[in-house]
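Structure first, then comments.
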Amino acid sequence: MRSPFVHLFRESPFVKLLKHAEIVQEGGGLFRKAMICYLDGSCTEFNTFHMNVTKMEHEADRLKRNIRGHLPRGLMMPVDKFQFLLYLREQDKALDAVQDSLHWLSYRNTDVPDMLVDDLLLLVDKAVDSIKQLPLMVGRAMVYLRSYSDKDRRQVKEVIKALRLKESESDTIERKLKSDIFALPSVDAITVFHLIRLVEYMGDISNHAENAGDVMRAMIAR
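One point on numbering: in numbering that gives the first Met the number 0, the residue at position 15 of the sequence shown is 14, and numbering is uninterrupted.
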């Protein structure tokens, strides 16, 4: 069994990793507001939400670079450094996908058909729910890496399982939306392309959150 070295660092890399996860989660909340605003049609705050998400993504990138540049040297980490950095990458890409979705929306004012709105909002909720799991997972991992108890490890795995379920549900909604978009009557090709690509960007959010969970599973493996 690995020794719990987390507490030996003046500041564990996991402290900043948790902060990064919290920024990603906050970006998810703004994403939901931006999507509701865009779909409303009469809302004028979309650009403000978009700009705030972009600022948040830049903040997350700065923190990501700081984490990469300040990993402890000469001391053993409680997890493999490569896996730690891979986890950070996937967590960061979840927020990148949020930003990509809003960037893509900003390029064109598409009048979204009413029949798609409910499922689009459901896909938003699945994405945001996935992102919300990231700080919880990192926090539970920090507890486990101090205790190495079976109970704490199971709690981390519960979050990983939830991420997989949410990604599966997101995929189901994404496939339905694509089918419905292609079946839209009297809609021009540009609108179809804009909506299909949007759905793909949105699906990437849950994909990267699940990927982060898969890496975390490897990090806590015995």
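Ideal placement from N, C-alpha and C gives every residue a C-beta, glycine not left out. Only a predicted model underlies this, so the values are computations on that prediction, with no experimental measurement involved.
Residue i in three-state terms, based on DSSP
| i | result |
| --- | --- |
| His193 | helix |
| Cys36 | helix |
| Val78 | coil |
| Leu162 | helix |
| Val186 | coil |
| Glu168 | helix |
| Asn108 | coil |
| Phe4 | Only weak support is given to the placement of Phe4: the predicted model assigns it a pLDDT of 44, under 50, and the value that follows is read from those uncertain coordinates. Phe4 falls in the coil class under three-state DSSP. |
| Asp93 | Note on identity: in this sequence residue 93 is Ala, with Asp being the wrong assignment. Helix at Ala93. |
| Arg152 | helix |
| Glu10 | coil |
| Ser41 | coil |
| Ile204 | helix |
| Ala220 | coil |
| Arg72 | coil |
Nearest-angstrom Cβ-Cβ length linking residue i and residue j, presumed shorter than 8 Å
| i | j | result |
| --- | --- | --- |
| Glu245 | Arg163 | Shown here, the chain extends from 0 to 221; a query on residue 245 therefore has no answer. |
| Leu197 | Leu135 | With a Cβ gap of about 28 Å, Leu197 and Leu135 do not count as contacting. |
| Glu25 | Met55 | 6 Å |
| Asp110 | Met218 | Asp110 to Met218, Cβ: 45 Å. No contact. |
| Leu133 | Ala20 | 4 Å |
| Leu122 | Ile172 | 5 Å |
| Ser185 | Lys125 | That belief does not hold up - the Cβ atoms of Ser185 and Lys125 are roughly 29 Å apart, past 8 Å. |
| Ile204 | Ala93 | 6 Å |
| Asp91 | Ala59 | 6 Å |
Terminal residues of the alpha helix (DSSP H) in which residue i lies
| i | result |
| --- | --- |
| Glu58 | 45-68 |
| Tyr143 | 113-146 |
Candidates the options, of which the one nearest residue i by Cα
| i | options | result |
| --- | --- | --- |
| Phe30 | Asn46, Val52, Trp103 | Val52 |
| Asn108 | Tyr37, Ser11, Ile180, Val14 | Tyr37 |
| Ile180 | Glu199, Leu85, Phe48 | Glu199 |
| Asp39 | Leu194, Asp128, Arg152, Leu120 | Leu120 |
| Ser129 | Ala182, Tyr147, Ile159 | Ile159 |
| Met215 | Tyr143, Glu44, Ile204 | Tyr143 |
| His49 | Lys92, Val78, Asp60, Gly28 | Gly28 |
| Lys15 | Lys54, Thr43, Leu62, Ala161 | Leu62 |
| Ser178 | Glu168, Asp187, Val191, Glu166 | Val191 |
| Gly138 | Pro112, Gln98, Gly212 | Gly212 |
| Asn206 | Met76, Met34, Ile66, Asp95 | Asp95 |
| Lys175 | Leu115, Asp187, Ile35 | Leu115 |
| Val97 | Met34, Ile66, Glu157, Leu87 | Met34 |
| Phe83 | Gln154, Ala140, Thr43, Cys42 | Ala140 |
| His69 | Pro12, Met75, Gln154, Asp113 | Pro12 |
Chain B contact for residue i (CB, 8 Å cutoff)
| i | result |
| --- | --- |
| Ile35 | Chain labels in this structure do not include chain B; a single protein chain is all it has. |
Near the ligand NAP: residue i beta-carbon under 7 Å from a heavy atom
| i | result |
| --- | --- |
| Met215 | Of the ligands one can find in the structure shown there are none, so the ligand NAP has no counterpart to examine. |
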